[in-house]
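This report refers to the structure that appears directly beneath it.
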Amino acid sequence: MTFRVGVDIGGTFIDFCFFNEKTKELSTLKVLTTPDNPGSEVMTGLKLAHERMEIAPETISHFIHGTTVGVNTVIMGNGAKLALFTTAAFEDVLELARLRMPETYSLMSFRADPLVGRDAVFPISERIRSDGSIARPLDRASVQAAVRGAREKDVAGIIISLINSYRNPEHEREVKRIVQELAPDLFVFTSTEIWPVIREYERTTTAAINGYVHPKVEHYITRLQGALKKLGVLGEPLITKSNGGVMTAELGKANCVSMLLSGTASGVMGAAFLARNAGIDHVLTIDIGGTSADVAVINHGEPHYATGEKVGQHTLHVPAVAVSSIGEGGGSIAWVDDFGVLKVGPESAGSTPGPACYGRGGTRATITDAFAVCGLIGQESIAYGAISINPELARKAVSEIADKLGWTVELTAKTIIDVALSGMYLEINKLVARHGIDIRDFTLLAFGGAGPMLAPMLARELGIPRVMIPLSPGVVSALGGLVADIRNDFIASLYLPLTEETLPKMAEGFATLQQDANTWLRNEQKFEGPANYLLSADMRYAGQSFEIEVPLDSEWIANNNVEAIRDAFHAAHERLYAYRDIEAEVHIVNLRTVVTASGPKPELAIAPLVEGSAQPTREAAVVFDGTPTTAGLYLRDDLKPGQTFVGPAIVLQSDTTSCIPAGFKAQVDAWGNIQLTATEA
Amino acid sequence: MRNSTQSADIATLQIVANHFRAASESMAYTLYRTAQSTFVKETEDFTIGIVTPEGKTFSVPMDYGATWYPGLDYGPAIDMLDHYEDGDICFTNDPYSGFLCTHTPDIHMWRPVFHEGELICFTVGHIHNTDMGGAVPASLSRANTEVHQEGIRFAPSKLFKAGVLNEELLRTMMINVRQPDMNWGDLKAFTGALNTGARKIHEMIAKLGVDTVKRAMYDVMDYSETQARALLSSMPDGTYHFTDYCDEDSAGGYPVRLNLTLTIRGSDAILDFTGTDPQLTSSLNVPTGGNPRHTLMLVGIYYVLYTLNPDIMVNLGMTRPFTCILPEGSVVNPQFPAAVGMRSLTCGRLRSLIFGAFAQAVPERMPAAPAGSSSIVNVMTTDPKNGRRVIAAIDPIVGGGGGMPMRDGTDGSGADGAYLKNTPVEINEAEVPVEILRYSLAPNSGGAGRWRGGLGTVLEFKVFSPNTRITIRNRDRSRFSAWGTLGGKAGVASGSVLNPDTEKEVSLGNQDFVVAGPGDVFRIWSPGGGGRGNPLEREPVRVLRDVQKGFVSEALALSDYGVVLKNGAVDVVATDRERERRMADAKQAGFFDYGTQRDAYEATWTKAAYSALMDILFSLPVEWRFFIKHEVFRAVEALAPAKRGTAASIHEIFERLQLNYPQLRRV
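In the order they appear, the protein sequences are chains A and B.
Residue numbers for the first sequence follow this note's numbering, beginning at 102 and rising by one.
Residue numbers for the second sequence follow this note's numbering, beginning at 65 and rising by one.
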């Protein structure tokens, strides 16, 4: 029992990250994905690890997996056929959504179709008031009729979501009981068992997404469990979650929504871990792949959490690590519009055919091709030889753009990079303004295949003085699984003004949440070690339509300290929105409890630092910022902790290339990360 | 169009444009994050921009804010102050000072940005304040008749002079408004946003050089103009007429006629609003000062251009190919001191006017009419549990999008109402002492068509306290429907009723204010969007699916679509027969279907009769026009139906009126 394994599936590769608990060494492995047969690459990878790296399956103590089965099901639109049961007169909840359309300047903007067709929505005769009292008792006959209707639609499962069930879930439970009695072969989820939060649309659509992906996720996990057992991996596999934590794979079969965004979340958790380890607290992480760049803010070592993150064209209203996606990646295509303006994206060559220089059939110039033309990548082959860069193909693609502009290929390539950077500059500026942070306090941590290629230039553009490039930028997400805590969120909507009289109800609510959390951790997750309970409340000034999550001290609740709770909210409000309103009534909308528990964390080996400059393998002729120059070419494997070098430089490694312009000083830290510091103001 | 721009600048334009937008978006995010009022937080009734030293808007955010002001010209207001220095923050909320501000609650602000002593640009924007004083809370009422009733007005002034707050001015504002703290909070947030923008411009100058920045602000406008001209050039030259109506010109009044003649010649377009009603003695007037490119007149244009080319760069450049003709003393160019507070209602209909004209110019690329409603239901009541007074916005009443060239109009919301967000039923019930009985789509409300118009919504709630006051600001489209095109039918109009399906039922028509008592039930439904194309050509399976979803009844499937359903399936043979029988008639349908109410209205108010009325009204002094319009309308109502609709009948009526009012002079 020596190895912990983190496994993350991306568009092109599945990444393995192995941590040897004895030697504290991390090792990595990449296998091409098999989109037609999800899961089989996991087995291929483990067999390869056994053969090449002598990691026997029975020596694996923890197997932590991020799966994309759920998110792909939503994106491809091939999930389960569902029926939805709602309170009568509110059947259009998914059709109405929150009314607002995605594009406000267009006369023809529209939303994605709901995951449950309106013809499969059936009314339940019942009504609960906002205080939880029953205005109209549940009519059993209406449930029977709804089940008959669902049967006629030939659905695989049923979602039950009734008005005000967040306050009193009795009717939802009763409807579920009746459905199970009448149709034991159908799966059933109630909105309150998935995420019992106020706001009927958000609660309903979240439950619907859960049902939509449930059969495929369950099937995948069951197969994975079986295959791992067959290989001899002992112990229950863990699944990474959108909240950056993990849970047992078994729990993931029913609680599918909580893992949908685990891919991006794991990346942020992995990056946060590496940064914390290196003593860096304020980080902007950027994960650049083929089609998009995912950006997250880590403040004081902690990522931001949010609800309402996007899954394909749908939004998911469970807590997730907040990640903003920018529609630009290494494969984004450059083009010239009818008026002679050079643009980049949003169209992308993706992983197939990929950039022209990959030689896999792509012919249109991408950002990656622009880098290849400049000699910034492709000096050696990358990605275990799975992909080799052919600069001639890149030149050919970029020259087509150059001809349209009447420019040289080099100037065109430089400008493609500049346009791409300015687009990222725009999007990241919005994020910075939204969070109200000062970017000069931050370090840009780059990972993903194209992250280290673009990040140093992007940092310069943004005015971020520091860049961190981890030792293995390609497997940060897989690492994120390895280092994740067991974590689960619990919520109860309270919706009361913050007063002395409310406190006993808060105490009662938190007690119930704690009990739920404990039951989950001990009975369902079957975890026996120590646990942490983090209490918070979503609060707002009366009349506001959005809440702020404010961490609470359990002492305040125990001691009836209304003032402390109110002050905490005022302070949080001022921090986020630059003012406080002492006069206004404060409302408590939701109570939250997060339970976390961690096994032993991997402790990364610290290498002794050596003095002096790193010696480049050779000098390479490159073009930086449109100017031909020579850059030192370094092999990442040869760089020793403590060594320094300066830009212009190119660092090659199997899973990425770092392109460092002049004006940066680089130092390799004790964990092998490259730390860049701007030398020019 | 400047020709000096080098092709190199054009090719790299996206880079500077992204930087400009980064500056505007940073300002908008900062304002949204720090402002306090619900107008900013809920309806995003604010704008942000960056303008040239001459006041032309060259950059706006796309993520946040209202969609009405990318063509705003700050020039005349900027010129009303004679000297600028670093740290100045200027503002005005007077609709008659340079025609920048368009009603008193909007405070427009501008801040000069200097580089080494040279004025580079202004960072600008506006916020809708909850109240600026005046006759009624929130400063807005249809019943206001002159701008003086709409609150305190500030001519262009400096709130900060070289960074120093003008406290006397601020105090004056504070004692005149009903929620001074909120106004001041928003002004502070706004100042922060304008400063953020200035900082971003300085960063940009440091990075790209001052010359590039100075040149690029004109280049991005030129580019936008080029894109707009390319779209116009792709349209056939021609002249297109369109008329639409607001339901009422004052509480319980007569319709407002808005009239447009669009002429496209090459890459230019003229929007002639002649034939539009004279200015009103209510607050529905649209203050433009006759500016031929006033942004309020061109909001419909922004939508059309963006819809036809979503890559268009949104700024003032896109307005340059357009010239508006705005008759003096009309609704669209009222004379001081006409009230203008509720101009947003009229603006909604002005957008329909532009959509209607372009639907004729490029029928293959334009959708049918969206519902065209953007009213918001507010409730003022007391909580029976504790006597607490509650004022709350319940939901916007928007309605469906128009049928599109390749898909149905969106249900519930869409098009130029798409920016509004509803309030969850559960939040409403937790905050306001009401019980929501229904919140759903309105079946059968979408105009029939090859592509169906989007459905409206139904909201129904019960109140529990005496003297509960329900207001529905911007109430419209309860009489004149969203029109269908190319054989598609008009959508169903909006409506509201108190105590539906009971003996106490009262139909409320276009009323925007109702007093309800304990146990009363209020129901309101929003309009459906117009249909597009011949409904008999809609695939029967789509009609069947609409029936299965409850969006279209079986009866309507037959009467509107000629689809015969039998045992839950399409009876193909009977459907073919039914459609064949009706196809010849259906093909006779005109380009537009306006709905029965408008057809009935226009049987009385024919083109000839209305032209006669317009000729008469515009020959009168401004102060008489609204009065005589009402007198003539009343007299027409007294005519026998057979005598209505001719120019002669209008002239006859007017001759009689002249006898009654010998003091009436012609101008």
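Every residue gets a Cβ at the ideal spot worked out from N, C-alpha and C, and that includes glycine.
These numbers come from a predicted model, not from an experiment.
With fewer than three CB-CB distances shorter than 8 Å, the region 455-469 of chain B does not count as touching the region 556-570 of chain A.
Taking one beta carbon from each stretch, the region 177-188 of chain A and the region 139-156 of chain A have fewer than 3 pairs nearer than 8 Å; the two do not touch. When the alpha-carbon of glutamine 424 (chain B) is set against those of B:Thr549, B:Ala512 and B:Val498, the nearest one is in B:Thr549. The criterion of a C-beta distance shorter than 8 Å is satisfied by proline 591 (chain B) and valine 556 (chain B). Flagged as an interface residue toward chain B: tyrosine 596 (chain A), by a C-beta distance shorter than 8 Å. Minimum Cα-Cα distance from threonine 487 (chain B) among the listed residues A:Gly107, A:Ile176 and A:Arg201 corresponds to A:Arg201. Taking the Cα of valine 284 (chain B) as reference, the smallest distance to any Cα among B:Ile79, B:Thr670, B:Gly511 and B:Phe577 is reached at B:Ile79.
At the C-beta level, arginine 175 (chain B) and isoleucine 153 (chain B) come within 8 Å of one another.
Bridge partners of glutamine 768 (chain A) according to DSSP: A:Thr745 and A:Gln776.
Relative to the Cα of glycine 151 (chain B), the nearest Cα in the group B:Asn230, B:Ala580 and B:Ile191 belongs to B:Asn230.
Under the 8 Å criterion on CB atoms, leucine 583 (chain A) is classed as non-interfacial with respect to chain B. A distance of 8 Å or more separates the beta carbons of alanine 593 (chain A) and glycine 581 (chain A). By the rule that beta-carbons nearer than 8 Å mark a contact, isoleucine 491 (chain B) touches chain A. When rounded, the separation of the alpha-carbon atoms in arginine 602 (chain B) and glycine 364 (chain B) is 29 Å.
Straight through space, the alpha carbons of asparagine 624 (chain A) and aspartate 617 (chain A) are spaced by roughly 10 Å.
Closest in alpha carbon position to serine 755 (chain A), among A:Asp255, A:Ile110, A:Gly107 and A:Asp116, is A:Asp116.
Restricted to the region 313-364 of chain B, the beta strand (DSSP E) segments that are unbroken, complete and at least 3 residues in length are 320-329 and 332-336, listed in chain order.
For histidine 266 (chain B), there are no neighbours in chain A by C-beta distance under 7 Å, as the nearest C-beta there is about 12 Å away.
Per DSSP, lysine 131 (chain A) is one residue of the beta strand (DSSP E) stretching across 127-133. Short of 6 Å from the beta carbon of valine 695 (chain A), and not among the five residues preceding or following it, lie these beta carbons of its own chain, in chain order: Asp590 and Leu635. When rounded, the separation of the alpha-carbon atoms in threonine 94 (chain B) and glycine 113 (chain B) is 13 Å. Spatial neighbours of leucine 629 (chain B) in its own chain (CB-CB distance under 7 Å, excluding positions within 5 residues in sequence) are listed in chain order as Leu608, Val611, Glu618, Ala621 and Asp635. DSSP assignment within the region 594-645 of chain B yields no whole beta strand (DSSP E) run of 3 residues or more. By alpha-carbon distance to glycine 420 (chain B), the top candidate from B:Gly481, B:Ser88 and B:Gly594 is B:Gly594. Distance from the CA of alanine 556 (chain A) to the CA of glycine 428 (chain A), rounded to the nearest whole angstrom, comes to 16 Å. Taking every protein chain shown into account, the CB of methionine 406 (chain B) has 16 or more other CB atoms within 10 angstroms, so this residue is buried. In this structure, serine 347 (chain B) keeps its C-beta atom at 8 Å or more from the C-beta atom of alanine 534 (chain A). Per DSSP, reduced to three states, the secondary structure at threonine 168 (chain B) is coil, with no helix or strand assignment. Going by C-alpha positions, proline 598 (chain A) is about 4 Å away from histidine 688 (chain A). Here lysine 526 (chain B) carries a strand assignment [DSSP, helix/strand/coil]. Put simply, the backbone Cα of arginine 453 (chain B) is about 32 Å away from that of phenylalanine 218 (chain B). For the region 71-93 of chain B, the beta-carbon criterion of a distance under 7 Å to any beta-carbon of chain A is satisfied by Ser71, Ile74, Ala75, Thr76, Leu77, Gln78, Ile79, Asn82, His83, Arg85, Ala86, Glu89, Ser90 and Tyr93.
Assigned with DSSP and collapsed to three states, histidine 415 (chain A) falls in strand. When B:Arg293, B:Phe697, B:Pro159 and B:Gly597 are compared, the shortest CA-CA separation from proline 431 (chain B) is found for B:Gly597.
The Cβ of valine 687 (chain A) sits no closer than 8 Å to any Cβ of chain B. By the rule that beta-carbons nearer than 8 Å mark a contact, tyrosine 304 (chain B) does not touch chain A.
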